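Undergrad: Add 533 to a position in the sequence shown, counting from 1, and you land on the number used in the numbering used here.
Where is the CB? At the ideal position from N, CA and C, for every residue including glycine.
Given the structure is predicted, the values throughout are model-derived calculations rather than measurements.
One structure is given below, represented as structure tokens, and several questions about it will come after.
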Amino acid sequence: MAQTSIALPEVVPHDSEEARGMPPKAGTDAAARPRKAGRKIRFGVAFRLVAALLAITAFAFAAIVAAVYAFAQYREGFDRIARSDLPILVAAGDIAARSQALAANAPNLAAAESHFARQAMSRALHKQLEGLAQVGERLKALAPDTQGLDRLIENQALLARNLERLDKLVGDRIDADSTAANLMLRLEGLAARVHKASAAQVPTLAEGSSPQSVEAFLAWVAATDEAIAVMLSTTTADTAARLTRLRTDFDRLRRKTRTAHANLPAQMPVLAPFEAELDRYGDGTPNIFDARSAQLAAASALIGELLETHQVAAGFVSSAERLLEDVKQSTNTQADFFSGLISRYSTLFAAVSALALAGSAGVFLYVVGSVVMRLRALSESMRARVDGRDVPISASGTDEIAEMGAATRFFVESIEQRERQLRDRSAELAHSVEELRALGDVSQAVNSTIDLETVLSTIVAKAVQLSGADAGTIWVFDETSREFRMHASYGMDAALIAGVKDRPIRLGDGTVVDEAVMQRLPIQIPDVQKADSSRLLDVIVRAGFRAVLTVPLLGVEGIVGALVVRRRAPGEFAANIVDLLQTFGTQSVLAIQNARLFNEIEDKSRELEAASRHKSQFVANMSHELRTPLSAMLGYAELLKEGIYGALPDKSAEVLARIQVNGRHLLGLINSVLDIAKIEAGQLSLNVSEYRLGNIVETVRVATESLAAAKKIAFNTDIAAGLPHGLGDEQRLTQVLLNLVGNAIKFTDAGEVRVTAGVRDGKFTVAVKDTGPGIPAEERHRVFEEFHQVDNSGTRAKGGTGLGLAIAKRIVEMHGGHIWVESVPGQGATFQMEIPIAVDVAGGTT
């Protein structure tokens, strides 16, 4: 771009030869020359602004003097209030506010659920009492004769004594609640162990005991269950009379258990521990009935003390508020004095300020007239020239503003010339931007959709618009029929589109489309009326189009199609238009190839989906067919073991035992494969019902602790207190936890296995931690894959199918949960899962 040199007008300085009366230099603009200094004294803008500043400063100084005098009088009034009743009022207000806060916080002590919370609340209340005492002492030092202060101190001491008694009663209530809750947990564990022991003893009694012994054992179990249920029902007893009736029922049932126990063979020593626990929890120290009685007594005493504390706190707040009102009356007298003082001196300050404002306004009007209005006139004339109006630029006067006007006139004329050059260049850039925007739209269409018709329609529309053509089409080559068929058009009516669609172009028929594809170059016909008619479709010629440009669409693997634009005016298309349409042609090739690839992928996906569905159905059917005869085989093996078909030799019994073990292992494998097949086929659903996570953990502990004991490793559970009831499939969740615990025991040869259960952020959290060999980092995500096992000799020796964790992961995810593993090789592994507390019927969280 050529650079434009700008000549600045010569501005005459104040101390120039012309200002001193000498002739001006040649070439100087006479209109820009200032007047001679000898004819008139020149007051410049700087002189005027300095004079205005001095005048405004003088007025401001007068206002400041008046303000300083008035504020000195205000200070005297403030000092009188500060030295008299203001500190007393602040102290009395502080006492009233603290007393209300203390009265509001005192009932919170009774709501404490633990000794830690009780101690924290008690310390906070005593700290508030100490603060009140300190403020009271300060108020007594400021005003010893204040009315109501002695009464306030008496009420404060009375409230402190009530809070001490309330703190002790809350501690008694928390101890009673803790004892009762502990006994309830032990009773629930006792109930579970009684059921387990009874289930284990029934087969033994059925084999070699008399019907009377069986009947006595069942009577003992029923009476024991009822006795435990009576003790558990004490949680709903809210009166001493109700507890007495429950104790009577327990004594009656206890006699029944002793009678039934006496009729058992050799009194069955396995039941003795349960008898001892029944005596301890029902009649021992402490027992459940005494613990509940202590709870009721502590709650009753706490309510009474809380009511008395409320009355004392109300009296304390009332005396503090009366003290505040008495102090306010004395303060109002001082406030009236200060109000009169403000009224007198505010009038003086307002008068002086008004005088200063009037003087400043006069100075302001002078500056506006001699400086601001002239600058505004210059600015408006410059804005008018920028808007295109031929308005002269104002440059009146002999000061700096006049010189600014002369320089501005020259710059504006130069800028207007420069703008004309920029407008011409902007038109060229706008056309280039339009081309880039069209290319961007085409690229976005290609990348954002796989709909071939949409992409090709966008391409042909942009091609027609940017090339200045009237219509266009995109032809797609069919490899099978060796024909070009129209897929998109723009600027053509329905009749013309129908005529073109009915006339496909065959490869090798000599048309302009065929020529462009064969030569692999764009071909244009400037005027179809002067060209061979066989090269064009007759419907195009009859439609009145004169100029035609054809761009071949060629891919790596061969012919893809052609892009054709038509214009009703004859003449060649510019070279840049041809290059642009070739770019559009590249985009068209990409869109067509993408659409073809997507169609192929869709066909393959449908085939794979059908194959997967058939595989899942086959596996489900075969697993069912295998499980039925295998169950029958295990049943016959059990009958042989029990001697139904006669006694077996020892060697045969050992072989039969191995048959049973391997049969059960095979049945478990078939069940796992069937579960996987059901999940993949979408046939596995959740049986949603209410459950307790603690019961699931306890069930798994009972079922697996013998395995841990056999390997001489510790097995511990840690269940958080107060877990809410869950909503989900209890059987499937038990299956998941059994699998995790079973794996942990299987792979742990020394140390312990620990199960931890709790709740966090609205979800149950369960962790199974072992001290086994651990899992390498690269295997942690793969352990949940089907038929996958950690590839080392230690884990291979343990056996397994590699399906348990895959099924567990699917069941947890059906509950809307998440399962993962954390491990350090050589230090064990921890399997963790999070499950929403409530799951809807469809398997998602509610």
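Let me know the secondary structure DSSP gives T842 once reduced to three states.
TA: Note: T842 maps to helix in three-state DSSP.
Undergrad: How big is the Cα-Cα spacing for P1369 and Q1268?
TA: C-alpha separation (whole angstroms): 17 angstroms.
Undergrad: From the DSSP output, in three-state form, read off S826 for me.
TA: Note: S826 maps to helix in three-state DSSP.
Undergrad: What is the rounded straight-line gap between the Cα of T1237 and the Cα of E1231?
TA: Whole-angstrom Cα-Cα distance: 10 angstroms.
Undergrad: Rounded to whole angstroms, how far is the Cβ of E1016 from the Cβ of P1037, which I believe are closer than 8 angstroms?
TA: Sure, about 4 angstroms apart at Cβ, within 8 angstroms.
Undergrad: Measure from the alpha carbon of L829 to the alpha carbon of each residue in I707, G1041, A1124 and T1006, then state which is nearest.
TA: Cα-wise, what sits closest to L829 is I707.
Undergrad: Given a cut-off of 9 angstroms, decide if P1059 and V1084 are closer than it, judged by their beta-carbon atoms.
TA: Against a cut-off of 9 angstroms, the Cβ pair of P1059 and V1084 comes out as no contact.
Undergrad: Go ahead and pull the three-state DSSP assignment for G1361.
TA: Coil.
Undergrad: Would the stretch 1279–1293 and the stretch 1248–1267 be scored as touching if the rule is three or more Cβ pairs under 8 angstroms?
TA: Contact holds: three or more Cβ-Cβ distances are below 8 angstroms.
Undergrad: Does DSSP put E1090 in a helix, a strand or coil?
TA: In the structure shown, E1090 sits in coil (DSSP, three-state: anything other than H, G, I, E or B).
Undergrad: Between the Cα of F1117 and those of I1134, E1171 and L1096, spot the shortest distance and give me the residue it belongs to.
TA: Cα-wise, what sits closest to F1117 is L1096.
Undergrad: From which residue to which residue does the beta strand (DSSP E) around L1260 run?
TA: G1259 to G1261 is the span of the beta strand (DSSP E), which, as asked, contains L1260.
Undergrad: Any idea which residues DSSP pairs G1104 with across the strands?
TA: Partner(s): none; G1104 has no beta bridge.
Undergrad: Can you grab the Cα-Cα spacing for the pair P819 / D812, in whole Å?
TA: So the two alpha carbons sit approximately 11 angstroms from each other.
Undergrad: Which residues does DSSP list as the beta-bridge partners of F1131?
TA: Looking at the DSSP assignment, F1131 forms no beta bridge with any residue, so it has no partner.
Undergrad: Around the C-beta of D1062, are 16 or more other C-beta atoms found within 10 angstroms, so that it is buried, or is it exposed?
TA: Asp is not the amino acid found at residue 1062; the sequence shown has Gln there. With fewer than 16 Cβ atoms within 10 Å of its Cβ, Q1062 is classed as exposed.
Undergrad: Are the beta-carbon atoms of V1354 and F1364 separated by less than 9 angstroms?
TA: Yes, Cβ-Cβ distance for V1354 and F1364 is below 9 angstroms.
Undergrad: Confirm, please, whether the CB-CB distance from G1261 to S1222 is below 9 angstroms.
TA: In contact: S1222 and G1261 (Cβ atoms closer than 9 angstroms).
Undergrad: Thinking A713 and A637 are a contact (beta carbons under 8 angstroms), I'd like their distance in whole angstroms, please.
TA: Not quite, the Cβ-Cβ distance comes to about 31 angstroms (not below 8 angstroms), so this is no contact.
Undergrad: With DSSP as the reference, identify every bridge partner of F1248, one or two as the case may be.
TA: Answer is V1286, bridged to F1248.
Undergrad: From A690 to F604, what distance separates their C-alpha atoms?
TA: Near 46 angstroms, if we compare the C-alpha coordinates of F604 and A690.
Undergrad: I'd like to know whether the C-beta atoms of G815 and A770 end up nearer to each other than 9 angstroms.
TA: Against a cut-off of 9 angstroms, the Cβ pair of A770 and G815 comes out as no contact.
Undergrad: Can you tell me whether F649 is helix, strand or coil according to DSSP?
TA: Three-state DSSP puts F649 in a helix.
Undergrad: Tell me which residues share the same chain as R1039 and place their Cβ nearer than 7 angstroms to its Cβ, disregarding the 5 neighbours each side in the sequence.
TA: R1015 and E1016.
Undergrad: Going along the chain, which residues of its own chain have a beta-carbon closer than 7 angstroms to the beta-carbon of M764, five neighbours each way excluded?
TA: These residues qualify, in order along the chain: L720, F783, Y814, G815 and I821.
Undergrad: I'd like the list of long-range same chain contacts for A709, defined as Cβ closer than 7 angstroms, with 5 residues on each side in sequence excluded.
TA: Cβ within range, chain order: A824, A827, Q828 and A831.
Undergrad: Kindly list the residues whose CB is nearer than 6 angstroms to the CB of I1030, restricted to its own chain and excluding five residues on each side of it in sequence; keep chain order.
TA: Here the set comprises S1022.
Undergrad: Tell me the rounded alpha-carbon separation between F1317 and A1339.
TA: When rounded, the distance between both Cα atoms is 5 angstroms.
Undergrad: Could you pull the DSSP bridge partners for I1192 from this structure?
TA: Per DSSP, none; premise fails for I1192.
Undergrad: Check whether the Cβ atoms of F750 and L797 lie closer than 9 angstroms to each other.
TA: Going by C-beta atoms, F750 is nearer than 9 angstroms to L797.
Undergrad: I'd like the list of long-range same chain contacts for S893, defined as Cβ closer than 6 angstroms, with 5 residues on each side in sequence excluded.
TA: Correct list, in chain order: I589 and F592.
Undergrad: Buried or exposed for T1304, going by 16 or more other Cβ atoms inside 10 Å?
TA: The residue is buried, with at least 16 neighbouring Cβ atoms inside 10 Å.
Undergrad: Closest by CA to L999, which one among E1311, I1110, I686 and N1132?
TA: Residue I1110 is the option with its Cα nearest to L999.
Undergrad: Rounded to the nearest angstrom, what separates L1336 and G1349 at their Cα positions?
TA: One C-alpha to the other measures close to 20 angstroms.
Undergrad: By the three-class DSSP mapping on this structure, what secondary structure does P557 have?
TA: Note that P557 scores a pLDDT of 42, beneath 50, so its modelled location is shaky; the value from the coordinates is reported in the next line. Of the three classes helix, strand and coil, the one that applies to P557 here is coil, per DSSP.
Undergrad: Let me know if R1265 comes out buried or exposed under the rule of 16 or more other beta-carbons within 10 Å of its beta-carbon.
TA: R1265 is buried by the Cβ-count criterion.
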